[in-house]
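Sequential numbering of the sequence shown, starting at 81, is according to this note's numbering. The structure appears right after this line, and notes come after that.
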Amino acid sequence: MPSRTSATSAKAVRAAGKSSPSRKPGKGKLPGKKRETPWALIGAGVAIVALIGLLAYSLVPKYLDQAAIREAQTDLKEWVPTAENQDPSEKIDGVVKQEYPAGLHVTAEQRVAYDKSPAFGGPHDSAWANCTGTVYAKPIRMENAVHSLEHGAVWVTYDPDKVDAAGVETLSNYVKGRQYSMMSPYPGLDSPISLQTWGHQLALDSADDVRIKQFISALRENPYAYPEVGASCSNPIFDANNPPPFDGSPYGPEAVPMDGAGLTQDPSELGGGSGIPGLPNIPVPGGLPAGQ
81 MPSRTSATSA KAVRAAGKSS PSRKPGKGKL PGKKRETPWA LIGAGVAIVA
131 LIGLLAYSLV PKYLDQAAIR EAQTDLKEWV PTAENQDPSE KIDGVVKQEY
181 PAGLHVTAEQ RVAYDKSPAF GGPHDSAWAN CTGTVYAKPI RMENAVHSLE
231 HGAVWVTYDP DKVDAAGVET LSNYVKGRQY SMMSPYPGLD SPISLQTWGH
281 QLALDSADDV RIKQFISALR ENPYAYPEVG ASCSNPIFDA NNPPPFDGSP
331 YGPEAVPMDG AGLTQDPSEL GGGSGIPGLP NIPVPGGLPA GQ
């Protein structure tokens, strides 16, 4: 039987429970600080995202440009010349071929009565146009350009009134920084675009024509198709920013004929280079006298 003391204690506990306020949910927790928005962290994140976007905006087009250049400047294996197939361009529709005498020099003041426009062979200036992947902004003198062709270069020309900016960019991808290549505007072309190597020419209507790559693969530095094999395309004295100007006016009676009458053939330009293995020809400032 429970004692009186125990009963009294139980009643006291029950009474205390009734008199105490009931706990509500959430009560009894320690008060916490108000949560603050991490603006500094958010700002840093936004800045990083913006930087990544800016880098992508800047770098992706450059990467795509480089990829387009690499693709344009990769020769097509089936069009590369071999001992068995020395001139693959013979299978390219529209290529015009003609034989020309080599090693015939004129002075910087003389003009040649070229039979083609643009010319792709014949007498030429003793100084060649720089053809180390040079994209000329201005038309260049034909007498200098033809000498570059004698060194194995391909010369890409276009009529600036017939080819838009996108077409010019497409054409330049074949040339930019590529040895034995050069490109220049050529006012008054019969076709929008014309490609030249020594003794070869191809007229085209579009910068997207697949024959451009075929022609360049077949004839750029083709040792079977140009006279001065091994000659350099570099000419530091030829100012790419201010080249000798193009002259499209009719030839006068003083122009040197295509057969080079009166000129002496330079034997060092027949078969290549300076005549000394490993030593390219060195251009002479102001050119050499005719016949030298």
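We put the beta carbon where it would ideally sit given N, CA and C, even for glycine. Keep in mind the model is a prediction, meaning the values are calculated, not measured.
Given a cut-off of 8 Å, decide if Leu251 and Ala193 are closer than it, judged by their beta-carbon atoms.
no
The beta strand (DSSP E) that contains Ser297, what's its start and end?
Unbroken run through Ser297 is the alpha helix (DSSP H), 291-299; no beta strand (DSSP E).
His231 - containing alpha helix (DSSP H), residue span
Run containing His231: none; DSSP gives neither H nor E here.
Under 8 Å between the Cβ atoms of Pro198 and Asn302?
no
To the nearest whole angstrom, what separates the beta carbons of Thr212 and Cys313, a pair I think is in contact under 8 Å?
5 Å
Quick one, are the C-beta atoms of Glu223 and Arg191 less than 8 Å apart?
yes
Continuous alpha helix (DSSP H) stretch holding Ala245: start and end
245-253
Exposed or buried, which one is Ser329 when buried takes at least 16 other CB atoms within 10 Å?
exposed
With Ala163 as the anchor, note down where its beta strand (DSSP E) starts and where it stops.
Here Ala163 belongs to no beta strand (DSSP E), and DSSP marks it neither H nor E.
Can you find the residues in the same chain that come closer than 6 Å, C-beta to C-beta, to Glu116, ignoring five residues on each side of it along the sequence?
none
DSSP on Arg273, reduced to helix/strand/coil?
Note that residue 273 is Ile in the sequence shown, not Arg. Strand at Ile273.
Meets three-Cβ-pair contact criterion under 8 Å: the stretch 338-349 and the stretch 233-249:
no
For Thr214, which beta-bridge partners are listed by DSSP?
Met262
Alpha-carbon to alpha-carbon, Gly123 and Pro324
57 Å
Counting pairs of Cβ atoms below 8 Å between the stretch 167-181 and the stretch 281-299, do you hit three or more?
yes
Exposed or buried, which one is Trp119 when buried takes at least 16 other CB atoms within 10 Å?
exposed
Is the Cβ-Cβ distance between Ile292 and Leu275 less than 8 Å?
yes
Work out the CA separation of Ile220 and Ile149 for me, nearest whole Å.
24 Å
Check the DSSP bridge columns for Thr237 and list the partner residues they point to.
Ser264, Ser274
Going by C-alpha distance, which of Ala245, Phe326, Glu158 is nearest Phe295?
Glu158
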